[in-house]
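Protein chains in written order, with this note's numbering: chain A, 25 to 156; chain E, 25 to 156; chain W, 25 to 156; chain G, 25 to 156. Report on the following structure.
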DNA sequence: GTGGTCTAGACCACT
DNA sequence: GTGGTCTAGACCACC
């Protein structure tokens, strides 16, 4: 499904969250699909079940998962998530990145070219692992 | 000079580093200019001197500062720094942001438009505080 | 008859209990009426028979059902139940809700208005499903 | 400060959350006031630090606390919280309670009287412990 | 000193 | 079987 990098500064549970978000947002995991149980996931990723639990809980509270007691966790419908707030946040984040590039001497046209090229190279087909 | 945000999850020393980098890259701080002493900086930012110390040491090791013992810290010449590595890092960071926006349903054209608008609205005048 | 919401954090068996209580208290289910068998109920609600069993047993112990072995479960007479205790419990629960609204900045008059409006909009006709 | 009831069905960390919310909403704890450290709280309540941690984290993500790394947790400004959504939720909860009382035979006037009496008996002065 | 993460292992409620 | 809670104890980064 995906791998986690224990050496990474980013906490394991965040890596798990990011990976699931990616898989969900790119429709690799579809609505109402069941995700591996906490224990199974813990085994396959070789981490402690509590760590998986923490990640799953967070994903639930952010509207990506829903839990059916005694049955497991499932992918929530898209409208349970708050995309607008998320987009807003990323936009402001993006602005900072763009500014930094300017500071580092990149020209505006260069930057835009870079972004455009990258996006167009992305025919939306398969998913690439971009976790950290 | 700049402000730090203690409520922010980003460590204070990293915030200081980022702010100095920004001021240096945007030429607000010029080559060989003296930066405030650790103690002064600690007072004005109202943080622990150790924290300033850590930031300064990091900035020195990244080639932004040079230290003259007994005299203080100074802005290093541009060629002491490695912009390419920095740009590379931001580029990959940027790719992730762009991808997330795609996942969240933004169209490619929308995203490029956003970036272009932002950059062009920014006639490179003074520097705005973009820390986190 | 009613629906249960598997996504809800409230245990299914409690949802079933609440629904039955509601139907009984609102006289949709009359004294000595037979309730569906455990197996039937399990099928129509698409839940595990054990879950129905647990709910029925609880309802019996609270005086809402009585069991005739070999024949099924039936609605008990009203006097078998202890409304006062129930009302007491809800009253205290209500107090907490009211207090929270106060804390959240609602004025007393606003709250009372809300409650009064709601109650009066309710001409006691049929029963609406209010399960969580 | 407050007590927790280990025998209670409600999880300890939720009891802690509820208690803090109560103290904050009733202004016993003021903006920017420091709350006891995780370890201290763990000692005084005689529970595991992880449990406190969980509660504090939740309170932070709900906008009641903010964390200053290396310094502790503090009460957040009121506008960081999402009262409207909260009020909405409680309103719908309240409706269910009111309905249940109707079913149990209480008259509308009785119920409104009860609510009004309770609210007016509550001159907003001191705080009473309503935790479970 | 502070919060944050993680492990190992236990116990519980629900299905 | 499932998720959820809790403990005990360790280690880390930050201030």
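We put the CB at the ideal spot given by N, CA and C, even for glycine.
Notebook entry, point to check: Rounded to a whole number of angstroms, what is the C-alpha to C-alpha distance between residue 107 of chain G and residue 135 of chain W?
Noted result: 15 Å
Check: Going by DSSP, which residues form a beta bridge with residue 99 of chain G?
Finding: G/89
Next item on the list: Please list, in chain order, all residues of the same chain as residue 82 of chain W whose beta carbon is under 6 Å from its beta carbon, the five residues on each side excluded.
Entry: 41
Notebook entry, point to check: Helix or strand or just coil, what does DSSP make of residue 21 of chain W?
Noted result: Absent from the model: residue 21 of chain W. The displayed extent of chain W is 25 to 156, so no value can be given.
Item checked: Contacts around residue 58 of chain A, its chain only, beta-carbon distance under 6 Å, and the 5 residues preceding and following it disregarded -> 96 and 98
Check: Using 8 Å as the Cβ pair cut-off and three pairs as the minimum, do the region 109-128 of chain A and the region 44-64 of chain E touch?
Finding: yes
Next item on the list: Less than 8 Å between the CB atoms is what I'm expecting for residue 36 of chain E and residue 92 of chain E, so what's the real figure, rounded?
Entry: Residue 36 of chain E to residue 92 of chain E, Cβ: 25 Å. No contact.
Check: Using a C-beta cutoff of 8 Å, does residue 93 of chain A count as contacting chain W?
Finding: yes
Notebook entry, point to check: Tell me which same chain residues have a C-beta within less than 6 Å of the C-beta of residue 76 of chain G, skipping the five on either side of it?
Noted result: 62, 65 and 66
Notebook entry, point to check: Are the Cβ atoms of residue 132 of chain A and residue 115 of chain E separated by less than 8 Å?
Noted result: Taking 8 Å as the Cβ cut-off, residue 132 of chain A and residue 115 of chain E do not qualify as a contacting pair.
Notebook entry, point to check: Mapping DSSP to helix, strand and coil, what is residue 105 of chain A?
Noted result: coil
Next item on the list: Using the DSSP secondary-structure output, state which residues sit across from residue 33 of chain A in a beta bridge.
Entry: Note: residue 33 of chain A sits in no beta bridge, so no partner.
Check: Whose C-beta lies closer than 6 Å to the C-beta of residue 90 of chain W among residues of the same chain, with five residues either side of it excluded?
Finding: 98 and 100
Notebook entry, point to check: Cα separation between residue 152 of chain G and residue 142 of chain G?
Noted result: Any reading at residue 152 of chain G must be qualified, since the residue scores a pLDDT of 43, below 50, and its modelled position is unreliable; the value itself is stated next. Between residue 152 of chain G and residue 142 of chain G, the C-alpha separation is close to 13 Å.
Check: Apart from the five residues on each side of it in sequence, which residues of its chain come closer than 8 Å, Cβ to Cβ, to residue 103 of chain A?
Finding: none
Note to self: Our contact map puts residue 110 of chain A next to residue 128 of chain E with C-beta atoms below 8 Å; I'd like the distance itself, whole angstroms only.
What the structure shows: 6 Å
Next item on the list: Sort G/112, G/88, G/94 and G/60 by Cα distance to residue 51 of chain G and report the nearest one.
Entry: G/88
Notebook entry, point to check: Start and end of the alpha helix (DSSP H) containing residue 128 of chain A?
Noted result: Run containing residue 128 of chain A: none; DSSP gives neither H nor E here.
Margin query: Taking CB distances under 8 Å as the criterion, tell me whether residue 31 of chain W reaches chain A.
Written below: yes
Check: To which residues does DSSP link residue 81 of chain A through a beta bridge?
Finding: Beta-bridge pairing links residue 81 of chain A to no other residue.
Next item on the list: Output, in sequence order along the chain, the residues in the region 100-121 of chain W whose CB is closer than 8 Å to any CB in chain G.
Entry: 107, 110, 111, 114, 115, 117, 118, 119, 120 and 121
Margin query: With the cut-off set at 8 Å, would you say residue 139 of chain W and residue 118 of chain G are in Cβ contact?
Written below: yes
Notebook entry, point to check: At a Cβ threshold of 8 Å, is residue 34 of chain W touching chain G?
Noted result: no
Item checked: Short-range partners of chain W found in the region 74-91 of chain A, where Cβ spacing is below 8 Å -> 90 and 91
Check: Could one say the Cβ of residue 165 of chain E lies closer than 8 Å to chain A's Cβ atoms, at least one of them?
Finding: Because residue 165 of chain E is not part of the residues shown, which for chain E are 25 to 156, the question remains open.
Next item on the list: Quick one: which residues of the region 46-71 of chain A get their C-beta closer than 8 Å to a C-beta of chain E? List them in chain order.
Entry: 46, 49 and 50
Item checked: Contact set between residue 130 of chain A and chain E, taken where Cβ atoms lie within less than 7 Å -> 111
Note to self: Taking the straight line between their C-alpha atoms, what separation do you get for residue 157 of chain A and residue 113 of chain E?
What the structure shows: Any question about residue 157 of chain A goes unanswered here, given that chain A covers just 25 to 156.
Margin query: Using only the alpha-carbon positions, how far apart do residue 150 of chain E and residue 80 of chain E sit?
Written below: For residue 150 of chain E, the pLDDT reaches just 42, beneath the cut-off of 50, and the residue's location in the model is therefore unreliable, although a value from the coordinates is still provided. So the two alpha carbons sit approximately 24 Å from each other.
Next item on the list: Please name the residue in E/25, E/27 and E/31 whose C-alpha comes closest to that of residue 84 of chain G.
Entry: E/31
Next item on the list: Determine the direct distance from the alpha carbon of residue 25 of chain G to that of residue 34 of chain G, and round the result to whole angstroms.
Entry: 19 Å
Notebook entry, point to check: Does the distance from the CB of residue 69 of chain W to the CB of residue 28 of chain W come in under 8 Å?
Noted result: yes
Notebook entry, point to check: So, is residue 78 of chain G buried or exposed, given that buried needs 16 or more other C-beta atoms within 10 angstroms?
Noted result: buried
Next item on the list: May I have the straight-line CA-CA distance separating residue 130 of chain E from residue 60 of chain G, to the nearest angstrom?
Entry: Roughly 44 Å separates the two Cα atoms.
Note to self: At the level of alpha carbons, what is the spacing between residue 146 of chain W and residue 94 of chain W?
What the structure shows: Going from the Cα of residue 146 of chain W to the Cα of residue 94 of chain W covers about 41 Å.
Notebook entry, point to check: Does residue 135 of chain E have its Cβ less than 8 Å from a Cβ in chain A?
Noted result: For residue 135 of chain E, at least one C-beta of chain A is nearer than 8 Å to its own C-beta.
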